[in-house]
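So for the sequence shown, our numbering puts the first residue at 1; every next one is plus one. Backbone N, C-alpha and C fix where the C-beta goes; we use that ideal spot for every residue, glycine too. Here the structure comes first, spelled out in structure tokens, and everything after it is commentary.
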Amino acid sequence: MAPIKVICAGFGRTGTESLRYALNMLGYTTHHMKCFFTDPNLDYNGFYHAYKHRDEADWDKLLADYDAVTDFSAATFYYDLHKKYPDAKVILNVRSADSWYNSVKNTLFQTITQLPEAKEGTQQFDILRLCSMVCLDGKVFNPEYFLKEEEIKQLYRDHIEEVKRNIPKEQLLVFELGEGWERICRFLGKNVPDVPYPKTNSVAEFIDFYLNENRSVSVVPSLAKS
1 MAPIKVICAG FGRTGTESLR YALNMLGYTT HHMKCFFTDP NLDYNGFYHA YKHRDEADWD
61 KLLADYDAVT DFSAATFYYD LHKKYPDAKV ILNVRSADSW YNSVKNTLFQ TITQLPEAKE
121 GTQQFDILRL CSMVCLDGKV FNPEYFLKEE EIKQLYRDHI EEVKRNIPKE QLLVFELGEG
181 WERICRFLGK NVPDVPYPKT NSVAEFIDFY LNENRSVSVV PSLAKS
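Shown next, in the form of structure tokens:
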């Protein structure tokens, strides 16, 4: 399905799951970190190789079933994707640094402290190794780094400013968490749906998905400490 038409460059926990639902409602097929747990066709080891060797990434192959991307796996690769798909529209989904940090702390960071160990060489290990790396280069999964709150918030702010510098203004929409349909539909040239903008993946929903529905997919403690 690629080439990619929409790149959502904001970090996870800035409304990325709601944005995925919204883009799908507008006719796109959108990749999100959750897809690594639900889409058996995704080559998560290929994504990990792309993380380690950016110039060798075959994005048409890795994202063959998608034409839009969001969440940390999009934010981490946003500039690589922009270079590969220069005509794609870029949405920078944002919220305040304080609320973002608290949301990540109550979801991703909390989850890694509760999941059981996965063995190296298993599918679970490979998926979580990838997820660890694309979430701030492993810093979200590492208490030594993540609990330095002000430093992590500054990384978040720096990313926002970097995207603004790197993406041409006419291709970029800065989209605040909690906004509705109007600006995003105008930016993408789509009609406004006659239903409310989606609101999904609350803290409770996140915990339920990763700790209950996907209990067998587990973080390796050594990843959180390395």
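By DSSP, does isoleucine 4 sit in helix, in strand, or in coil? coil
What do you reckon, are the CB atoms on arginine 13 and valine 104 nearer than 8 Å? yes
Helix, strand or coil at phenylalanine 77 [DSSP, three-state]: coil
Only counting runs of 4 or more residues, tell me where the alpha helix (DSSP H) segments fall wholly within the region 19-96, in order along the chain. 35-38, 44-52, 59-62, 72-75 and 78-84
Considering just the uninterrupted stretch of the beta strand (DSSP E) at valine 174, what are its terminal residues? 172-176
Write down every uninterrupted run of the beta strand (DSSP E) in the region 121-200 whose length is 3 residues or greater and which is fully enclosed by it, in chain order. 172-176
Short of 7 Å in beta carbon distance, which residues of its chain neighbour phenylalanine 109, apart from the five on each side in sequence? Order them along the chain. Val140 and Phe146
Should the region 65-84 be regarded as contacting the region 21-37, the criterion being three or more beta carbon pairs within less than 8 Å? yes
Under a three-way DSSP split, which group does glutamate 117 fall into? coil
Here's the rule: buried if 16 or more other CB atoms are within 10 angstroms of the residue's CB, otherwise exposed. What is arginine 186? exposed
By the 10 Å Cβ neighbour count, where 16 or more other Cβ atoms means buried, how is serine 99 classified, buried or exposed? exposed
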